[in-house]
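Start counting the sequence shown at 284; every next residue gets the next number (our numbering). Beta carbons: idealized from backbone N, C-alpha and C, even for Gly.
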Amino acid sequence: MNAVAVVILNYNGRNYLEQFLPALVKFSEGTNIVVADNASTDDSVDWMKAHYPGIDLVILDQNYGFAGGYNEALKQIDADYYILINSDVEVTSHWWQPLVKYLDENPTYAACQPKINAYHNKDQFEYAGACGGFIDSLGYPYCRGRIFDVLEIDHGQYDQTIDIFWATGACMIIRAELFHEYGGFDPDFFAHMEEVDLCWRLKNAQWSIACIPESKVYHVGGGTLDKSNPRKTYLNFRNSLAVITKNLPGYTLWWKLPLRIALDLLAAVVFWKTNSYEHFNAVLTAIVDFLKNFGKHFAKRRTLNSWRVTTARTSRVAVIFDFFIRKKKKFADL
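Quick look at the structure:
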């Protein structure tokens, strides 16, 4: 039987550990649960030692962010499969077995995710992953059940197991060997979009990724960085530009990247008009910082090309135009 490590990356999440760890322990028998602490400044580590002394604890020497934190922690964890799960996720009975079973039976698949619904509205899909992630023709991520900030009610309409483009970092299983072989998460991202980047690399190397709705979890969302925080806006916009710079084929990057920057500037204007000045500034700063480091991101393509067998096909739709102009708000309408 393949060894499975369920790894929680924690940063100042003692309250979430207290709330959600009991169910994870109850429903994850047969796995090795590991809590990796990203140099928390709360009492997470002391609380874990006092209440769960039997759970493996990896203590990092500094806050490496989501991307670097997992990279550092997983170097110290021996397993065949890693299940990466946020501390603010509530698991259900038999949540992990379908994910492992699918990878066991499908050797050409690198990673999978469960169906992810909202913890505070359990009939609704959750923003971070919903029922599987996709990439549109301009490099915008969207999901079955979530397009931009519009979340669908879950009526079982997406309960089919399908191939997806990216699996969410909120809860994903990945073959440990492939995580390390393909470089793990890009630590320059710090947080947000790093799972999209990694999955795109895997897709470019002809690995497949799936969503397994038979497995279901509930995600609070924004446990470490709330969506109202301008820092989150900054990271999402900056990292999204880095993702397409690293992974889009060169013959389309030359025109899609300037278009994306123009559309991001338009988004900044929308923030300004809605009096969201901090988010307006976050978008502008993200673009400036991306351009300052463009050479660094572009240079990574050479490393990626050493792995690349083919270029993964993104969706042909342009979600931003379908959503805002054609008013298509649901995945099934695209």
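CA-to-CA distance, Ala550 to Ala474, given in whole angstroms: Your numbering for residue 474 matches position 191 in the sequence shown. Your numbering for residue 550 matches position 267 in the sequence shown. When rounded, the distance between both Cα atoms is 21 Å.
Mind checking who Glu373 pairs with in its DSSP beta bridge? As a working mapping, residue 373 is identified with position 90 in the sequence shown. In the DSSP output, where bridge partners are listed per residue, Glu373 has Tyr501.
Evaluate contact between the stretch 421-440 and the stretch 456-469, counting only Cβ atoms and requiring at least three cross-stretch pairs below 8 Å. no
If contact is defined by three or more beta carbon pairs under 8 Å, each pair taking one atom from either stretch, is the stretch 489-504 in contact with the stretch 366-383? With three or more CB-CB distances shorter than 8 Å, the stretch 366-383 counts as touching the stretch 489-504.
So for Gln302, helix, strand or coil by DSSP? Here residue 302 is taken as the residue at index 19 of the sequence shown, counted from 1. Here Gln302 sits in helix by DSSP.
Please report how far the alpha carbon of Leu536 lies from the alpha carbon of Arg584, in whole angstroms. In the sequence shown, counting from the first residue as 1, residue 536 sits at position 253. In the sequence shown, counting from the first residue as 1, residue 584 sits at position 301. The alpha-carbon atoms of Leu536 and Arg584 are separated by roughly 12 Å.
Cβ distance (whole Å) where Ile316 is taken to contact Ile338 below 8 Å: Along the sequence shown, one-based indexing puts residue 316 at 33. Along the sequence shown, one-based indexing puts residue 338 at 55. Indeed, because the Cβ distance is near 5 Å, the residues count as touching under 8 Å.
Cβ-Cβ separation, Met455 to Gln396 (assumed contact under 8 Å), whole Å: Counting from one through the sequence shown, the residue named residue 396 turns up at place 113. Counting from one through the sequence shown, the residue named residue 455 turns up at place 172. Contact flag correct, Cβ pair sits at about 5 Å.
Any contact between the stretch 288-299 and the stretch 318-336? By contact I mean 3 or more CB pairs, one from each, below 8 Å. yes
Does the separation of the CB atoms of Cys494 and Lys613 fall below 8 Å? For the purposes of this step, residue 494 is taken as the residue at position 211 of the sequence shown. For the purposes of this step, residue 613 is taken as the residue at position 330 of the sequence shown. No, the pair does not count as a contact, with Cβ atoms beyond the cut-off.
Roughly how far, in whole angstroms, is the beta-carbon of Asn522 from the beta-carbon of Met476, given that I think they are within contact range, below 8 Å? What you label residue 522 is simply residue 239 of the sequence shown in a count that begins at 1. What you label residue 476 is simply residue 193 of the sequence shown in a count that begins at 1. Sure, about 4 Å apart at Cβ, within 8 Å.
Note down the Cα distance separating Thr528 from Lys332, rounded to an integer number of angstroms. Numbered from 1 along the sequence shown, position 245 holds the residue referred to as residue 528. Numbered from 1 along the sequence shown, position 49 holds the residue referred to as residue 332. Approximately 43 Å between the Cα atoms of the pair.
His502 and Tyr402: beta carbons closer than 8 Å? If you number the sequence shown from 1, residue 502 lands on position 219. If you number the sequence shown from 1, residue 402 lands on position 119. Taking 8 Å as the Cβ cut-off, His502 and Tyr402 qualify as a contacting pair.
Buried or exposed for Gly452, going by 16 or more other Cβ atoms inside 10 Å? In the sequence shown, the residue the question calls residue 452 occupies position 169. Burial call: buried.
Are three or more beta carbon pairs between the stretch 560-574 and the stretch 442-449 nearer than 8 Å? no
Option in Lys405, Phe431, Ala350 with minimal Cα separation from Lys610: As a position in the sequence shown, residue 610 is number 327, starting the count at 1. The candidate whose alpha carbon is nearest that of Lys610 is Phe431.
For Pro532, the three-state DSSP class (helix, strand or coil): Counted from its first residue, the sequence shown places residue 532 at position 249. DSSP places Pro532 in coil when its eight states are reduced to three.
Can you give, in chain order, each stretch of the beta strand (DSSP E) that sits fully within the stretch 352-438 and has at least 3 residues? Taking 3 residues as the minimum length, the beta strand (DSSP E) runs contained wholly in the stretch 352-438 are 364-368, 372-374, 392-401, 416-418, 424-426, in order along the chain.
Do Val566 and Thr597 have their C-beta atoms within less than 8 Å of each other? For the purposes of this step, residue 566 is identified with residue 283 of the sequence shown, where counting begins at 1. For the purposes of this step, residue 597 is identified with residue 314 of the sequence shown, where counting begins at 1. No, the Cβ-Cβ distance between Val566 and Thr597 is not below 8 Å.
Quick one: what does DSSP say Arg484 is sitting in, helix, strand or coil? Numbered from 1 along the sequence shown, position 201 holds the residue referred to as residue 484. In this structure, Arg484 counts as helix in the three-state DSSP scheme.
So, Cys426 versus Ala450, is the Cβ gap smaller than 8 Å? As a working mapping, residue 426 is identified with position 143 in the sequence shown. As a working mapping, residue 450 is identified with position 167 in the sequence shown. No, Cβ-Cβ distance for Cys426 and Ala450 is not below 8 Å.
Which residues does DSSP pair with Trp449 in a beta bridge? If you number the sequence shown from 1, residue 449 lands on position 166. Trp449 is bridged to Gly416.
Leu524 to His334 span [Cα, whole Å]: Translated into the one-based positions of the sequence shown, residue 524 becomes position 241. Translated into the one-based positions of the sequence shown, residue 334 becomes position 51. Taking the straight line from one Cα to the other gives about 42 Å.
Along the chain, where does the beta strand (DSSP E) that runs through Val287 open and close? In the sequence shown, residue 287 corresponds to position 4, counting from 1. Looking at the DSSP string, the run of the beta strand (DSSP E) that includes Val287 is 287-293.
In this structure, does DSSP put Asn315 in helix, strand or coil? Locating residue 315 in the sequence shown gives position 32, where the first residue counts as 1. Asn315 falls in the strand class under three-state DSSP.
Within 10 angstroms of the Cβ of Arg599, are there 16 or more other Cβ atoms? Answer buried if so, exposed if not. The sequence position of residue 599 within the sequence shown is 316, counting from 1. Exposed is the call here.
Start and end of the alpha helix (DSSP H) containing Leu617? Walking along the sequence shown from the start, residue 617 turns up at place 334. That residue, Leu617, is in no alpha helix (DSSP H); it is neither H nor E in DSSP.
According to DSSP, is Val571 part of a helix, a strand, or is it coil? Reading the sequence shown from its first residue, position 288 is the one you call residue 571. Helix, per DSSP.
Given Leu619, which residues of its chain have a CB within under 7 Å of its CB, disregarding the five upstream and five downstream residues? Limits of the chain in this structure are 284 at one end and 617 at the other, which puts residue 619 out of reach.
Run the CB neighbour count on Asn354, radius 10 Å, all protein chains shown included, and call it buried at 16 or more, exposed below. Stepping through the sequence shown from its first residue, residue 354 is reached at position 71. The residue is buried, with at least 16 neighbouring Cβ atoms inside 10 Å.
Classification of His580 by the beta-carbon crowding that lies within 10 angstroms, buried from 16 upward: Position 297 of the sequence shown, counted from the first residue, corresponds to residue 580. Classification of His580: buried, given that the 10 Å Cβ count is 16 or more.
Under the three-state reduction of DSSP, which class applies to Val633: helix, strand or coil? Because the chain in this structure spans residues 284 to 617, residue 633 falls outside the shown range and cannot be described.
Tell me the DSSP bridge mates of Met455? On the sequence shown, residue 455 is found 172 positions in, with the first residue counted as 1. Note: Met455 sits in a beta bridge opposite Leu367.
Under 8 Å, do Leu546 and Ile603 count as touching if we go by C-beta distance? As a working mapping, residue 546 is identified with position 263 in the sequence shown. As a working mapping, residue 603 is identified with position 320 in the sequence shown. In contact: Leu546 and Ile603 (Cβ atoms closer than 8 Å).
DSSP beta-bridge partners of Ala493: By one-based count along the sequence shown, residue 493 stands at place 210. Bridge partners of Ala493: Cys395, Asp446.
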